[in-house]
Structure formats: C-alpha cells, structure tokens
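The sequence shown begins at 225 in this note's numbering and counts up by one.
Structure record follows, encoded as structure tokens.
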Amino acid sequence: MENDKTALITGASSGIGMELARLFAQDGYRLVLTARSEDKLNALADELAEAHGAHSLILPKDLAQPNAPAELHNALKENAVQVDALINNAGIGCYGFFHETNLERIAGMLQLNIISLTALTRLLLPEMAARGGGRIMNIASTAAFQPGPLMAAYFASKAYVLSFSQAVANEAADSGVSITCLCPGPAATGFIESAQIGSPRIFKMNILDSSRVAREGYRAMTRGKRVAVVGRINKILALAVRLSPRNLTTRALRFLLTDPKRPPAKETS
Numbered sequence: 225m226e227n228d229k230t231a232l233i234t235g236a237s238s239g240i241g242m243e244l245a246r247l248f249a250q251d252g253y254r255l256v257l258t259a260r261s262e263d264k265l266n267a268l269a270d271e272l273a274e275a276h277g278a279h280s281l282i283l284p285k286d287l288a289q290p291n292a293p294a295e296l297h298n299a300l301k302e303n304a305v306q307v308d309a310l311i312n313n314a315g316i317g318c319y320g321f322f323h324e325t326n327l328e329r330i331a332g333m334l335q336l337n338i339i340s341l342t343a344l345t346r347l348l349l350p351e352m353a354a355r356g357g358g359r360i361m362n363i364a365s366t367a368a369f370q371p372g373p374l375m376a377a378y379f380a381s382k383a384y385v386l387s388f389s390q391a392v393a394n395e396a397a398d399s400g401v402s403i404t405c406l407c408p409g410p411a412a413t414g415f416i417e418s419a420q421i422g423s424p425r426i427f428k429m430n431i432l433d434s435s436r437v438a439r440e441g442y443r444a445m446t447r448g449k450r451v452a453v454v455g456r457i458n459k460i461l462a463l464a465v466r467l468s469p470r471n472l473t474t475r476a477l478r479f480l481l482t483d484p485k486r487p488p489a490k491e492t493s
C-alpha cells in the first residue's frame, strides 16, 4: 500500500523509533529517518524497502547538538520534503545522584529530550497547520507523572514533554494538526544501557516490548488521542501518583530506582 504522505522519525535506528518506522512503512508512508548512526539507518531503510517497498531519506543527525534541528529542517527543504507526521522519539537518560552527574551529559540530555523536540515541533507545526492537517507524536514516559530521585533531570524532562504536548495540542485543536504524547513505562530498548542505569528494581517489574509500545502509540496517534499511557499497570500507576502525597511518591520512586546490588546511599528528607 502506498500513499503520498511522509513521516519524519527521530531516534529511528533502534527501539521504539525503529518499530514505528516499520509501522509507517507498512501503511505506505515515505520516511525520513534520523539518528546518529548512519549505518543502522541504512540497514533499516534496506529492510523497509524490501518488506514494504518504502522509500526512505536518511539524514544522520545528533539532535543533542544545538544546531541539529535547524540543520535537519534545512535538509528537508533542500530535498523538497513535506512532513505529514513528526515523531519526536529521540531521547536519552542520566542515572545517579544529580550533584554527582556530569554536567555536560545532563545538558546534552536536556538538549535532546526538550530543546530539539520543541524546536522540531515549532519548525514543522506551522507548515502542517498551513496545509490544514498533520500529526505530531512526542515520546515522553510514565516518568512524566512524578519526580524521580536518581534520575531527577530525566524525569523532569519528560514532565516537560507531557505538559508541552498537552498545551500545544490545545492550541492546535482547530488547525487540523493532532498532537499525541506517548507515555510508555520501562521498555525493552537501548535506553537502559545508554543511561548507564544498572539493574534498579523498577526495570525488573513490568518491561514492555518496544513493538507493543510502538503499536499502541501509532494507534493513539492515528485516532488523534492527546495522551496515551501504554500498559494497564502503568495507567493505574499514572493515576495513582496524582492522588498520592508527593513525598510518598518520591520516596517510592527512590526505592524502585535503586539498584540493590549497589551500596545504598543515605536518603535525605
């Protein structure tokens, strides 16, 4: 099946981004795939061409770099690409006590998780609105619903993505552009390794398959749903933390994010 629409997917070389690329290709979208690894993107493009006859434009970018969103947008113009679906999937995490975490790593994470996502939305949303239609999906996390000791800046970045997405979805309601915020819980992706998390308790509980996350996110996006939490347990927990005392929730997350194999650190109130 082929259509005349194009989807731009960031962080497309692995995990949820790769699975979403497969779903878009299956539905006949042309694809713009971006991530740091050109080799992985080319391998994915070859797979999608063989399986679905999909055409993919490969634009390798490190979106943790400040100029990358503008460079990516310029590359789209140079290739005369009109983006109908923007998937802001790229993201990384930082693990450990905030005051001990490398500042450059934190800054790069915030640039990727917040600034680049915001910039790409700002650059492409007006173009979609001018045409009277389009879809944007921002990948947040169930981390967006509460503070996360030992991953303080990461949890805060996902809270931004959720709040930002909901607000812009409201603003764009009459434009024909739908904005969906996908909030999966812990998923089987390369996130754990890249964030250097180790083996905290939370990643032994309810690990979601990245293909399931992609399918549910894709379905929510096509239906124009504004917030999609993946997994029944995660939906219950997302609601529960809103009703629980903030201090209790924070202490519980501290316990779940602790790796029991590491020496416990003294908790401050």
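Ideal Cβ placement from N, Cα and C applies to all residues, glycine included.
One thing to note: Q390 has its Cβ within 8 Å of the Cβ of C405. For N312, there is no enclosing alpha helix (DSSP H); the enclosing beta strand (DSSP E) has its first and last residue at 309-312. With a cutoff of 8 Å on beta-carbon distance, V385 and L348 are scored as not near each other.
With a beta-carbon spacing of about 13 Å, L283 and L268 fall beyond the 8 Å limit used to define contacts.
In this chain, the alpha helix (DSSP H) harbouring R355 covers 341-355. Taking the C-beta atoms as reference points, A353 is found nearer than 8 Å to S399. By the CB criterion at 8 Å, I240 and N312 fall outside the cutoff. Between A309 and G252, the gap from beta carbon to beta carbon reaches 8 Å or more.
Assignment of G358 by DSSP, reduced to helix, strand and coil, places it in the strand class. Between the segment 431-450 and the segment 329-349 there are fewer than three C-beta pairs closer than 8 Å, too few to call the two in contact. The three-state secondary structure of R260, taken from DSSP, is coil. The C-alpha of E351 lies about 31 Å from the C-alpha of E274. Short of 8 Å from the beta carbon of E262, and not among the five residues preceding or following it, lie these beta carbons of its own chain, in chain order: I282, P284.
R456 is classed as exposed because its beta carbon has fewer than 16 other beta carbons within 10 Å across all chains shown. Collapsing the DSSP output to three states places L432 in a strand.
Shown here for A383: same chain residues with a beta carbon closer than 7 Å to its own, the five before and five after excluded, namely A368 in chain order. A check of alpha carbon separations from V453 across V437, I431, Q335 identifies V437 as the nearest. The DSSP-derived three-state label of T446 is helix. Annotated as proximal: R478 and L374, with beta-carbon spacing under 8 Å.
The distance from the Cβ of V256 to that of L272 is about 12 Å, inconsistent with a contact at the 8 Å cut-off. Residue environment: S365 is assigned as buried (16 or more neighbouring CB atoms within 10 Å of its CB, all protein chains considered). Straight across, the Cα-Cα distance linking K459 with E302 is about 42 Å.
If you draw a 10 Å sphere on the C-beta of F322, you find fewer than 16 other C-beta atoms in it, and that means exposed. Between A292 and L265 a beta carbon distance of about 15 Å is seen, past the 8 Å cut, so the two are scored as non-contacting.
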